[in-house]
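Put into structure tokens, the structure is as follows:
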């Protein structure tokens with residue numbers, strides 16, 4: 003029943019006296035109100051459904067599990083005092099500049115990851131592989147207080163480039179020297195000469211004494227034993243002369259005791275070569291003057307026979 007029908011019914015009832023029954027009229031009005039409320043409820047549900055559909059299609063599920071939580075307050079947890087200025091009416095308030103939160107400060111001051119392999123903290127970037135270099139080995143240093151090494155000294159050439167100037171072997175032993183030979187010398191002679199050079203250049207006094215004793219070597223014009231001949235300063239001079247003459251000069255060959263085989267006597271040198279012995283450190287100018295007065299070389303001489311016998315080492319006349 004519409005509004006007009008309801009109004010007509012009321013007017014009609016008012017004109018026919020109080021005996022008219024209004025039960026049907028009020029029932030019809032109640033039904034109309036229920037329909038109106040139902041229509042409004044359905045409309046509200048439709049509007050809500052439309053809004054839900056719009057959010058589902060356009061904005062997605064705003065309340066999903068993965069949604070962002072409440073915004074982090076920009077004001078730190080700790081109470082920070084702010085400067086407040088109040089005018090005469092206490093109506094204008096000026097706040098201090100905003101402060102930076104702990105999270106923003108930590109992010110601003112966080113160290114930047116680097117690729118430096120020397121840092122202790124991992125940065126996520128693989129450090130370059132270390133390069134390996136060949137280890138350098140320092141040469142061994144000889145003990146300055148110990149005995150001299152056999153290879154500690156090297157022979158030096160004289161001004162002409164021909165002489166091998168040796169230090170005294172008892173001060174600085176030398177190895178690897180080769181005796182100066184002669185084409186016609188026997189192999190036995192040259193082998194014995196090389197043996198003597200090896201013993202003398204390393205100042206092997208025990209070896210020289212043993213060999214001289216075994217060979218009955220004449221070491222002076224008197225009765226001097228091998229032990230006495232190679233003892234003291236005179237023994238040092240003898241060892242130095244033995245090594246220097248064998249390495250620098252060839253032998254002078256002579257007739258052998260058994261016929262055509264030749265014996266050898268070191269050194270073979272001319273009068274012009276005498277000053278070389280001063281350079282070698284085995285003679286003095288006084289020695290050269292005495293040789294000149296004598297008329298020939300009478301310095302140190304080494305004798306080796308054709309069969310390799312070390313027959314003598316003498317100086318003087």
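Numbering (this note's numbering), first residue to last: 3 to 319.
For glycine and all other residues, C-beta sits at the position ideal for the given N, C-alpha and C.
It should be emphasised that the depicted structure is a prediction, and the values quoted were computed from it without experimental measurement.
Close-in-space but distant-in-sequence residues of the same chain around residue i (CB under 8 angstroms, 5 per side omitted)
{"i": "residue 302", "result": "240, 243, 244, 247, 284, 315, 316, 317"}
{"i": "residue 296", "result": "319"}
{"i": "residue 35", "result": "none"}
Alpha-carbon spacing of residue i relative to residue j, whole angstroms
{"i": "residue 232", "j": "residue 167", "result": "21 angstroms"}
{"i": "residue 293", "j": "residue 307", "result": "25 angstroms"}
{"i": "residue 181", "j": "residue 249", "result": "5 angstroms"}
{"i": "residue 280", "j": "residue 189", "result": "31 angstroms"}
{"i": "residue 256", "j": "residue 212", "result": "27 angstroms"}
{"i": "residue 198", "j": "residue 286", "result": "24 angstroms"}
{"i": "residue 234", "j": "residue 176", "result": "20 angstroms"}
{"i": "residue 229", "j": "residue 290", "result": "28 angstroms"}
{"i": "residue 174", "j": "residue 218", "result": "28 angstroms"}
{"i": "residue 39", "j": "residue 33", "result": "10 angstroms"}
{"i": "residue 169", "j": "residue 215", "result": "26 angstroms"}
{"i": "residue 164", "j": "residue 184", "result": "17 angstroms"}
{"i": "residue 42", "j": "residue 8", "result": "21 angstroms"}
{"i": "residue 171", "j": "residue 272", "result": "26 angstroms"}
{"i": "residue 311", "j": "residue 224", "result": "20 angstroms"}
{"i": "residue 37", "j": "residue 10", "result": "21 angstroms"}
{"i": "residue 278", "j": "residue 288", "result": "14 angstroms"}
{"i": "residue 222", "j": "residue 282", "result": "22 angstroms"}
Beta-carbon proximity list for residue i, same chain, < 7 angstroms, skipping 5 on both sides
{"i": "residue 270", "result": "251, 252, 253, 254"}
{"i": "residue 192", "result": "181, 183"}
{"i": "residue 6", "result": "none"}
Under 9 angstroms between C-beta atoms of residue i and residue j
{"i": "residue 268", "j": "residue 195", "result": "yes"}
{"i": "residue 266", "j": "residue 305", "result": "yes"}
{"i": "residue 237", "j": "residue 207", "result": "yes"}
{"i": "residue 220", "j": "residue 313", "result": "yes"}
Cβ neighbours of residue i in the same chain (closer than 6 angstroms, five flanking residues each side left out)
{"i": "residue 210", "result": "201, 232"}
{"i": "residue 309", "result": "190"}
{"i": "residue 274", "result": "none"}
Stretch pair the segment 235-246 + the segment 203-210: three plus CB contacts closer than 8 angstroms: yes
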